[in-house]
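A short write-up of the structure that comes next.
This is the structure we're talking about:
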């Protein structure tokens with residue numbers, strides 16, 4: 001049985017299963033499953049496990065899938081703590097996230113356009129938060145989205161009076177992800193659910209790199225999330241929790257948009 005997973009971002013949202021092959025892969029990983037989730041055959045697989053299987057299928061060469069499955073199964077025998085993971089990652093080349101209790105290397109090879117947008121966002125946040133105890137951070141910093149689960153947004157803001165030697169945001173208020181072709185579906189379905197689980201997060205921004213467009217997810221005082229879309233260089237993405245907004249003219253300053261077909 002394949003449970004449809006919502007892939008939203010626009011008013012024309014459609015519900016689809018972005019990973020129909022995950023059922024067979026998740027079945028091989030079922031030992032790492034939780035008590036609730038998606039039914040595979042007669043066994044229940046956690047949604048987290050489903051996305052792990054989906055990640056392996058879509059983002060890694062077919063020849064490596066079985067090796068990754070075996071690695072996941074071995075890691076499931078002993079889940080790493082966040083502290084163990086951070087100590088292990090320190091000084092190690094590349095960036096990793098802690099997923100389901102074991103480290104997963106992040107996709108490399110972001111485009112120059114992607115990097116320029118991230119740098120613009122960080123520069124604008126730094127300028128607008130100057131003198132504010134809340135500080136912007138890069139993907140070298142991370143957020144614990146679930147117990148024992150660590151993610152690295154492209155940018156964010158932490159309001160926890162962070163220890164200069166800290167490696168993880170204790171009170172993240174903002175998380176920003178810039179879309180890339182290889183991670184779009186996972187960012188808008190898997191990661192969004194995790195980010196919404198972080199009690200301190202008030203705003204989540206998803207930035208479209210191929211046109212001036214930002215999707216804003218804002219948590220109100222009642223804890224409910226609301227989605228809005230801002231588009232056009234004359235508009236701005238609001239971040240009420242920080243008392244600021246990010247003009248799209250600044251986010252996309254110096255960015256050249258593609259004129260022909262592009263991957264989404």
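In this note's numbering, the protein residues as written are 1 to 264.
Don't be surprised by glycine CBs; every beta carbon is placed ideally from N, CA and C.
*From which residue to which residue does the beta strand (DSSP E) around residue 98 run?*
Residue 98 -> beta strand (DSSP E) spans 96–99.
*asked:* Between the alpha carbons of residue 166 and residue 221, how many angstroms are there, rounded?
replied: Cα atoms of residue 166 and residue 221: separation of roughly 29 angstroms, rounded to the nearest angstrom.
*Of the residues 234, 235, 178, which one's Cα is nearest the Cα of residue 207?*
178
_residue 124 vs residue 248 beta-carbon contact at 7 angstroms_ = The answer is no: Cβ separation not under 7 angstroms.
*Can you check whether the CB of residue 227 is closer than 7 angstroms to the CB of residue 217?*
yes
_By the three-class DSSP mapping on this structure, what secondary structure does residue 131 have?_
coil
_Candidates 156, 234, 172, 147, of which the one nearest residue 100 by Cα_ = 147
*What are the uninterrupted segments assigned as beta strand (DSSP E) that are 3 or more residues long and contained completely in the segment 194–233, given in chain order?*
When DSSP assignments are scanned along the segment 194–233, the uninterrupted stretches of beta strand (DSSP E) that are 3 or more residues long and fall wholly within it turn out to be 203–208, 213–219, 225–231.
*asked:* According to DSSP, residue 119 sits in a beta bridge with which residue or residues?
replied: In DSSP, residue 119 forms no bridge with anything.
*residue 154 to residue 259, Cα distance in whole Å?*
25 angstroms
_Among 96, 244, 196, 119, nearest to residue 145 - alpha-carbon criterion_ = Residue 145 has its Cα closest to that of 196, out of 96, 244, 196, 119.
*Just curious, the beta strand (DSSP E) that residue 102 is in, first and last residue?*
102–105
*Short check: CB of residue 156 to CB of residue 172, under 7 angstroms?*
yes
_Delimiting residues of the alpha helix (DSSP H) encompassing residue 255_ = Element bounds for residue 255: n/a, residue is neither H nor E.
*Rounded straight-line distance, which links the Cα of residue 139 to that of residue 118*: 10 angstroms
*For residue 137, which beta-bridge partners are listed by DSSP?*
In the DSSP secondary-structure assignment, residue 137 is bridged to 156.
*asked:* For the alpha helix (DSSP H) containing residue 108, name the first residue and the last one.
replied: That residue, residue 108, is in no alpha helix (DSSP H); it is neither H nor E in DSSP.
*asked:* Can you look up residue 92 in the DSSP assignment and give me helix, strand or coil?
replied: coil
*Buried versus exposed, by CB contacts within 10 Å (16 or more), residue 89*: Residue burial annotation: residue 89 is buried, with at least 16 other C-beta atoms found within 10 angstroms of its C-beta.
*Beta-bridge partners of residue 151, as assigned by DSSP*: 143
*Helix, strand or coil for residue 171 per DSSP?*
Correct three-state label for residue 171: coil.
*Would you say residue 209 and residue 95 are within 7 angstroms of each other, going by their C-beta atoms?*
Contact check for residue 209 against residue 95 fails: the beta carbons are separated by 7 angstroms or more.
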